[in-house]
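A.B. asks: Here it is, the structure, as structure tokens.
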Amino acid sequence: MRNVHSFMLPIAAVGVMMFPVVLNAASLEPIDSTGVQVHQQQQNGITYLSGGIGEDEARAIQQTQGYNLHMTFSTGPKDEYVPDVDVVIQKAAGQPVLTLSEAGPLVYVQLPAGKYTVVATHKGEVRRDTADIGSDAARNLVFHWGTEN
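For my numbering, count along the sequence shown from 1 and bump the result up by 1.
Written out as structure tokens, the structure is:
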């Protein structure tokens, strides 16, 4: 019996280490593009995507390249996606460069290098964060609101 326990521990460890790989593999599944309504948009010369309602649409956005600011909006204890967020992205001096109404739950933006403040409002509750955009990897911002009333 001792040999069985010695053998099972390495197998269990490999199984636990493989878990993230399995999760990542699931996100690479083919996307049913017939239900996907994600279109690149522009405002003030800034290119962005907004959407992510439904699994296929969310994966379509998450698999796009070329956006250096990724924002996710969620609410409640189960981190449910929120599709109706008002978003203002401002340069450091406070001047708006992008203003979106009822955006999300995922918003991907291509911004010029610089420091930005993002103001996200859901049902009157405001969340703020900053993003220093450079030539390195995309900046991820997650905005979360508490439980619904």
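Ideal Cβ placement from N, Cα and C applies to all residues, glycine included.
For chain D, find out if any of its Cβ atoms is closer than 7 Å to the Cβ of Thr65; answer yes or no.
C.D. replies: This model lacks chain D altogether, as it is built from one protein chain only.
A.B. asks: Round the Cβ separation of Leu50 and Ile62 to the nearest angstrom and send it over; I've been treating them as touching at under 8 Å.
C.D. replies: The sequence position of residue 50 within the sequence shown is 49, counting from 1. The sequence position of residue 62 within the sequence shown is 61, counting from 1. Indeed, because the Cβ distance is near 5 Å, the residues count as touching under 8 Å.
A.B. asks: Rounded to whole angstroms, how far is the Cβ of Val110 from the Cβ of Tyr68, which I believe are closer than 8 Å?
C.D. replies: The sequence position of residue 110 within the sequence shown is 109, counting from 1. The sequence position of residue 68 within the sequence shown is 67, counting from 1. Right, their Cβ atoms sit about 6 Å apart.
A.B. asks: From the DSSP output, in three-state form, read off Ser136 for me.
C.D. replies: For the purposes of this step, residue 136 is taken as residue 135 along the sequence shown, with counting starting at 1. Residue state, collapsed to three classes: coil.
A.B. asks: In whole angstroms, give me the CA-to-CA distance for Gly125 and Gln66.
C.D. replies: Position 124 of the sequence shown, counted from the start, is the residue given in the question as residue 125. Position 65 of the sequence shown, counted from the start, is the residue given in the question as residue 66. Approximately 32 Å between the Cα atoms of the pair.
A.B. asks: Consult DSSP for Asp130 and reduce its assignment to one of helix, strand or coil.
C.D. replies: Residue numbering aside, residue 130 sits at position 129 when the sequence shown is read from its first letter. Reduced to three states, the DSSP call for Asp130 is strand.
A.B. asks: Where Ala138 and Lys116 are concerned, what is the direct C-alpha to C-alpha distance, given to the nearest angstrom?
C.D. replies: Sequence index remark: in the sequence shown, residue 138 carries index 137 (1-based). Sequence index remark: in the sequence shown, residue 116 carries index 115 (1-based). C-alpha separation (whole angstroms): 15 Å.
A.B. asks: Between which two residues does the alpha helix (DSSP H) carrying Ala59 extend?
C.D. replies: Taking the first residue of the sequence shown as 1, we reach residue 59 at position 58. It spans 56 to 63 - the alpha helix (DSSP H) in which Ala59 sits, taken as one unbroken run.
A.B. asks: Gln43 by DSSP, collapsed to three states: which one?
C.D. replies: Looking up residue 43 in the sequence shown gives position 42. Looking at Gln43 - three-state DSSP - the assignment turns out to be strand.
A.B. asks: Considering Gly115, what are the terminal residues of the beta strand (DSSP E) in which it resides?
C.D. replies: Numbered from its first residue, the sequence shown carries residue 115 at position 114. It spans 115 to 123 - the beta strand (DSSP E) in which Gly115 sits, taken as one unbroken run.
A.B. asks: Would Asp130 and Leu112 be called neighbours here (beta carbons separated by less than 7 Å)?
C.D. replies: Taking the sequence shown and counting its residues from 1, one reaches residue 130 at position 129. Taking the sequence shown and counting its residues from 1, one reaches residue 112 at position 111. Taking 7 Å as the Cβ cut-off, Asp130 and Leu112 do not qualify as a contacting pair.
A.B. asks: Which residue comes first and which comes last in the beta strand (DSSP E) that contains Leu107?
C.D. replies: Residue mapping note: residue 107 aligns to position 106 of the sequence shown, counting from 1. Here the beta strand (DSSP E) through Leu107 covers 107 to 111.
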